[in-house]
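Heads up: the structure comes next, in structure tokens.
Number of protein chains: 2
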Amino acid sequence: MNLKISNTSNKPIYEQITTQIKNLIVSGRLKEGEALPSMRLLAKELRVSVITTKRAYEDLEREGFIQTLVGKGSFVAKTDAEKIKRQKLHEIDELIYKAVEIALSSGISYAEVSAMLDEMFKENTL
Amino acid sequence: MNLKISNTSNKPIYEQITTQIKNLIVSGRLKEGEALPSMRLLAKELRVSVITTKRAYEDLEREGFIQTLVGKGSFVAKTDAEKIKRQKLHEIDELIYKAVEIALSSGISYAEVSAMLDEMFKENTL
DNA sequence: ATATTGTATATAATATATATATACAATATT
DNA sequence: AATATTGTATATATATATTATATACAATAT
């Protein structure tokens, strides 16, 4: 599966896993119905406990990215990535709307908010 | 001062204090320059430690609602535009942080989020 | 001088987050 | 039926954050 886990990252392992698998699905590199490595295999590969991979897979299932079946394994769900992305975009839209509302109602400029966004992205992609 | 503290509330005591005092100030029942009860008096009245009232007063001061002076006491601050702006910036920061988190965890690019922000500002400033 | 005000330090109790080991249960394979 | 594979449940460990406290200290007012 070739996921990269950093122990020095401030992000928890299960989150590093979900983030990367989400990206694989959204980008189409993992396709509908396709099998994910079993929790145990992935755990072994990443030198991590099964509980951690389970936690990651549970999160992915709750968010509709995959489906898990006892004895069979985990598979990319048929819910299309486009729908999920649209949903996420909507969540972001609402947050940004609130931010802009506050900005406009208190004399904070576009430049200031835009700079904050830039900074935030730089910080978090490291 | 007549604040109501609930021990069964899921909200911490210091937060119950700040919320109620903020409301008193915003509603004008506590006016600029007016003295708040000393941390010790309030602590005694609420049967709570001084550290807890201090925590509440510190939060209120950081948010620009009151001003505290050693030996004198705590007073309702004059509404300070700079402080309010800083507070608003913080609120915006938190919203944008959430937005960026969602974006990064679902393969949404900086360009997309940035475009949304641009759009939002254009729409709302027209 | 003393009482009042806020502050600093060290500490404790609790809750939450993260990760694990191990034993259990369901399904597939032989 | 036996065995290997898959996921699941329970109990636990560790670290960190949150909430609250006691007590000793410092600044100001009277």
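Taken in sequence, the protein lines are chains L and H.
Each residue of the first sequence is one higher than the one before, starting from 1 at the first, in the numbering used here.
Each residue of the second sequence is one higher than the one before, starting from 1001 at the first, in the numbering used here.
Glycine included, each C-beta is placed from N, C-alpha and C at the ideal position.
- In the structure shown, Leu36 (chain L) falls within a coil segment according to DSSP collapsed to helix, strand and coil.
- Judged by DSSP secondary structure, Thr8 (chain L) falls outside any alpha helix (DSSP H); it is assigned neither H nor E.
- Within the stretch 1076-1099 of chain H, those residues whose Cβ lies closer than 8 Å to any Cβ of chain L are, in chain order, Ile1084, Lys1085, Lys1088, Leu1089, Glu1091, Ile1092, Asp1093, Leu1095, Ile1096, Tyr1097, Lys1098, Ala1099.
- Neighbourhood of Thr19 (chain L) in chain H, by CB distance below 8 Å: Leu1104, Ser1105, in chain order.
- For Ile5 (chain L), no Cβ of chain H is located within less than 8 Å of the residue's own Cβ.
- Cβ-Cβ separation between Val1050 (chain H) and Arg1062 (chain H): approximately 18 Å, too far for a contact (criterion under 8 Å).
- For Ile1013 (chain H), the closest of H:Ile1084, H:Thr1052, H:Pro1037, H:Ser1105 by C-alpha to C-alpha distance is H:Thr1052.
- Scanning its chain for C-beta atoms nearer than 6 Å, with the 5 sequence neighbours on each side dropped, one finds around Pro37 (chain L) the residues Met1, in chain order.
- Close to Lys54 (chain L), with beta-carbon spacing below 9 Å, lies no residue of chain H; the smallest spacing is near 19 Å.
- Residue contact with chain L for Phe1065 (chain H): absent (no Cβ-Cβ distance below 8 Å to any residue of chain L).
- Apart from the 5 residues on each side of it in sequence, Asp59 (chain L) sits with its Cβ closer than 6 Å to the Cβ of Thr18 in its chain, given in chain order.
- For Ile1102 (chain H), the closest of L:Gln67, L:Arg29, L:Ala43, L:Ile84 by C-alpha to C-alpha distance is L:Ile84.
- With respect to Phe1075 (chain H), Ala1043 (chain H) sits apart: the two C-beta atoms are not nearer than 8 Å.
- Ser1027 (chain H) sits exposed, since fewer than 16 C-beta atoms from the chains shown fall within 10 Å of its C-beta.
- Within chain H, Ile1096, Tyr1097, Val1100 have C-beta atoms less than 7 Å from the C-beta of Met120 (chain L), given in sequence order.
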